[in-house]
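First comes the structure, then the notes that go with it.
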Amino acid sequence: MVRSLYTGVSGLRNHQLMMDVTSHNIANVNTTAFKSQRITMKEGFTQMLRGAQRPVGDHGGVNPMQVGLGMAVGSIDSIMEQGSLQSTGQITDLAIEGRGFFAFTNGRGGTFYSRNGALQLNAQGYLVSPTNGMNLLGLTADSSGVIRGSALPGPIKIPFTDKLPARATEEITFACNLNANGMGRGSWIHTASFFTSHELDTTAGRENTLLTGLFDHNGNSLNIRENDELRVAFTDATGTTVDQTFRVVAYNSTPAPDPTDGTVATLEDLRRAIEIATGGAPVVVDITPDGRLEISGVGNTAGISDVTNLAVRNITRPTSDGFVANVFQWPDALAGATHTSIGGLLTAANEDTPLHLVRDSNGRGLGLENGDQIRVNANVGNTALPPCADGGLMFSDGGITAGSVGPATTIGDLMFYMQTRLRLPDLVPTDSGEEVRSLQINNAADGDLRAPVGSLVIRGQVGSAFSITGLSINATNATPNTPPPSAFNANMNGTQFQANRDVEVHSTSIEVFDNTGASHTLMMTFTHSGIPGEWLWEITPREGQLILSGNHGRLSFAPDGSPASLEFADGSTDFRFDPRNDSGEMAIRLNVGFAGSHLGITQFESPTTTAIVAQDGYPMGQLLDISITETGEINGLYSSGISRTLAQILVAEFQNPAGLLRTGDSMWAESHNSGNGVLLRAGSSSKSSIKPGALEMSNVDLAAEFTDLIKTQRGYQSNARIISTSDSLLQELVNLVR
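In terms of the working numbering, the sequence shown opens at residue 394 and continues consecutively.
This is the structure we're talking about:
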């Protein structure tokens, strides 16, 4: 009976201990970063009443007979599970997500650990635990804001009384874009096309006249292109259609065009092709004054006695075939006679073409008469040209030479007068950086595709100061009561195909600092050089400081839009100037980026936005505020606008954090079973992270704790019943002696 009494006593005693653990958890339900505990029970001693016997013969074995002597506490464990985070907004409130602990020193060589990050600054500026004043451990940055690898853990101090010395600017950094389309342009104007048959009436003319540059007598392009197939066909005396095909090639192609090999390029080549197709007899082709083709000498060779319906067709493209056939067609029998084509043929005029042989864009004569005066008027920039005091340029068909200006007998004479009157230079730049004539006749071979072939192209100088507006080129009738030269005047009406544009100039500025912290404003100006992918740059101090070297040069870009090179006109490698305040000479590097990278200045066809985005100097500053990152870096913000690293909070990790000893004040200490604390950097060597402006809440689960209360109460009551029941049995035993 005594054993059951002591068994009940052990149950009462240990359930009381369970009650103590549960009550401690509930009491700390609002304690910052508190880690709850859990108690586990184990069976107590047992008494052997009979040992076990193995089976013998036909008899089975016998199990051991034991009786228990109560229960005992197996363990009281710390539950290290992460608690929820509560935002506080206080910058020095820190919480840890992960296994780590904050490390503190008591100033006497002892290191303690806590998950409670409710930190405060003491009178000396150290970060301390408010519960006991222990100093938070971490690494301190040097004067340049760098945490060296040799730094040792120690108390973290926030130097609110310290000053950040001034630093002279050594580099300025550029970013954003310079417009690839920033080169300047002049006003480009073209007239209608001028044609003539004059260049076609000689063998030399036919040899130089490209088939791709031919027009009919109405000014319509025959639209013959390279690689077109031209078919020469006719009907012989038997009524049979005979044809041969020739391919159009470039004039300078390799091998050279040869009708005997089936290739043609010029009007002379086409004449020979007709000769070959019609039997090999010499064929004579002449050009009439109105541009029609006269052909003779066809037939009576190689069995061909007659040629009828001779025609040239473009069998490659219908849009060309109709015009070609209307020009190169002789419907009559051609043997032994001279016959004229049904359509006229024109080509673009050139500078040597006599004006009286020039036709307008519709193939009509210009209507000019001897003595007609041609006047050129326009506005250049915002200023109108003065009136023609000389009366203008006098036209002549070659029969007269009188006139105050002139005579103008060729298109070249007219062009020279126009260039002089409009004050045009000989050459102007194109968008590709090449230079072209300011006034020329557009040709088919290498002319401007935006202007029609045979038109006069007038190119003004770059920029709005030289814009050409209100252009008027008119001839007045010298002889009364005769038709005015309306065809000439109409053909000279200008059409603008390129508007003028100023060279793009872009400026950006920034403040730099000398050794004393004094600021100086630098202005950087970029000006497009007129060469694609190249800009001129210049740095100018606004306060008139003395420039020593390296203040201007060229910036070139690669085809991918990244900077290819930054050149200094004087061969320098940086910009140098004297602030003139006894602070010493300043040398500043210009960081525009590098080839293949688009982080610096770029050149794309997009608006110019380039700016100086950074410089590495600053004036003296005082620490105003701090911020803490999730990696535990403490950064200071100074009155100079500079942010600098001050310290690095370390976190401690253990192999067995549940083995730590509780020392009170939410602190823990190492034990033999916890392992040594290893100080690590959050977010790098440690996977734990620090959450500034937050605190970790207690991980006590009230629902579980209240359930444990009920379990403890019932266990305690049951063990009390054991004692009371045992007492009743003993009472009966005592009553036996009455």
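Idealized CB from N, CA, C, for every residue including glycine.
Exercise. Can we say the region 851–866 touches the region 913–921, given the rule of at least three CB pairs closer than 8 Å?
Worked result: no
Exercise. Do you know how far the Cα of serine 922 is from the Cα of phenylalanine 961?
Worked result: 15 Å
Problem set entry | C-beta contact flag for aspartate 753 and alanine 883 at 8 Å | yes
For this session: Would you kindly work out how many angstroms separate the C-alpha atoms of asparagine 407 and valine 466, rounded to a whole number?
Result: Cα-Cα distance, rounded: 6 Å.
Exercise. Can you tell which of Asn1069, Thr1038 and Gln1041 has the C-alpha that lies nearest to the C-alpha of glutamine 1048?
Worked result: Asn1069
For this session: Specify the secondary structure class of glutamate 1026 as computed by DSSP and reduced to three states.
Result: strand
Exercise. Beta carbon of asparagine 515, beta carbon of serine 1091: below 8 Å?
Worked result: No. Outside cutoff.
Exercise. Is the beta carbon of glycine 847 less than 8 Å from the beta carbon of alanine 741?
Worked result: yes
For this session: For the region 963–970 and the region 1000–1009, state whether three or more C-beta atom pairs, one from each stretch, are separated by less than 8 Å.
Result: no
Exercise. If we ignore side chains and look at the alpha-carbon of each, how far apart do phenylalanine 588 and arginine 757 end up?
Worked result: Approximately 9 Å, taken between the alpha carbons.
For this session: Can you have a look at serine 480 and say buried or exposed, based on whether 16 or more other CB atoms are within 10 angstroms of its CB?
Result: Serine 480 should be labelled exposed.
For this session: For aspartate 699, name the three-state secondary structure that DSSP assigns.
Result: Three-state DSSP puts aspartate 699 in coil, outside helix and strand.
Exercise. Below 8 Å between beta carbons: does that hold for threonine 1038 and glutamate 1046?
Worked result: no
Exercise. So, valine 898 versus threonine 918, is the Cβ gap smaller than 8 Å?
Worked result: yes
For this session: Determine which residues share a DSSP beta bridge with valine 821 and list them.
Result: Val829
Exercise. Can you tell which of Ser590, Thr909, Thr776 and Gln409 has its C-alpha closest to the C-alpha of serine 1033?
Worked result: Thr909
Exercise. Can at least three beta-carbon pairs, one atom from the region 540–557 and one from the region 705–715, be found at a separation below 8 Å?
Worked result: Because the criterion of three Cβ pairs below 8 Å is not met, the region 540–557 and the region 705–715 do not touch.
Exercise. So, are the CB atoms of leucine 948 and leucine 941 less than 8 Å apart?
Worked result: no
Exercise. Mind checking arginine 1107: buried by the 16 CB within 10 Å criterion, or exposed?
Worked result: exposed
Exercise. Quick one: what does DSSP say glutamate 931 is sitting in, helix, strand or coil?
Worked result: strand
Exercise. Taking the C-alpha atoms as reference points, what is the distance between isoleucine 932 and glutamate 998?
Worked result: 24 Å
Problem set entry | Cutoff 7 Å; reference alanine 844; Cβ partners in own chain excluding five residues on either side | His583, Asn835, Val850 and Phe890
For this session: Within 10 angstroms of the Cβ of proline 876, are there 16 or more other Cβ atoms? Answer buried if so, exposed if not.
Result: exposed
Exercise. Looking at the structure shown, is threonine 415 part of a helix, part of a strand, or coil, going by DSSP?
Worked result: helix
Problem set entry | DSSP three-state assignment for glycine 985, whether helix, strand or coil | Reading off the sequence, residue 985 comes out as valine, not glycine. Valine 985 falls in the coil class under three-state DSSP.
For this session: Using the DSSP secondary-structure output, state which residues sit across from cysteine 781 in a beta bridge.
Result: Beta bridge pairing from DSSP links cysteine 781 with no other residue.
For this session: Output the distance between the C-alpha atoms of isoleucine 419 and isoleucine 1103, rounded to the nearest integer angstrom.
Result: 14 Å
Exercise. Straight-line CA distance for aspartate 683 to glycine 737?
Worked result: 7 Å
For this session: Using the Cα positions of glycine 887 and alanine 585, report the straight-line distance between them to the nearest angstrom.
Result: Whole-angstrom Cα-Cα distance: 8 Å.
Exercise. Is it a yes or a no for the region 1051–1067 touching the region 476–491, going by three-plus beta-carbon pairs under 8 Å?
Worked result: No: fewer than three Cβ pairs fall under 8 Å.
Problem set entry | With 16 other Cβ atoms within 10 Å as the buried cut-off, status of proline 1136 | The first residue shown for the chain is 394 and the last is 1131, placing residue 1136 beyond what the model contains.
Exercise. Can you tell which of Asp629, Asn601, Val521 and Phe494 has its C-alpha closest to the C-alpha of alanine 726?
Worked result: It is Asp629 whose Cα lies nearest to the Cα of alanine 726.
For this session: Mind the definition here: the region 522–531 touches the region 1048–1060 only if three or more C-beta pairs lie below 8 Å; say whether that holds.
Result: With a cut-off of 8 Å on Cβ pairs, the region 522–531 is in contact with the region 1048–1060, counting three or more such pairs.
Problem set entry | threonine 746 (DSSP reduced to helix, strand or coil) | coil
Exercise. Among Thr671, Val1130 and Tyr644, which one has its Cα closest to the Cα of aspartate 662?
Worked result: It is Tyr644.
Exercise. Exposed or buried, what is glutamine 1110 when buried is set at 16 or more other beta-carbons lying within 10 Å of its beta-carbon?
Worked result: exposed
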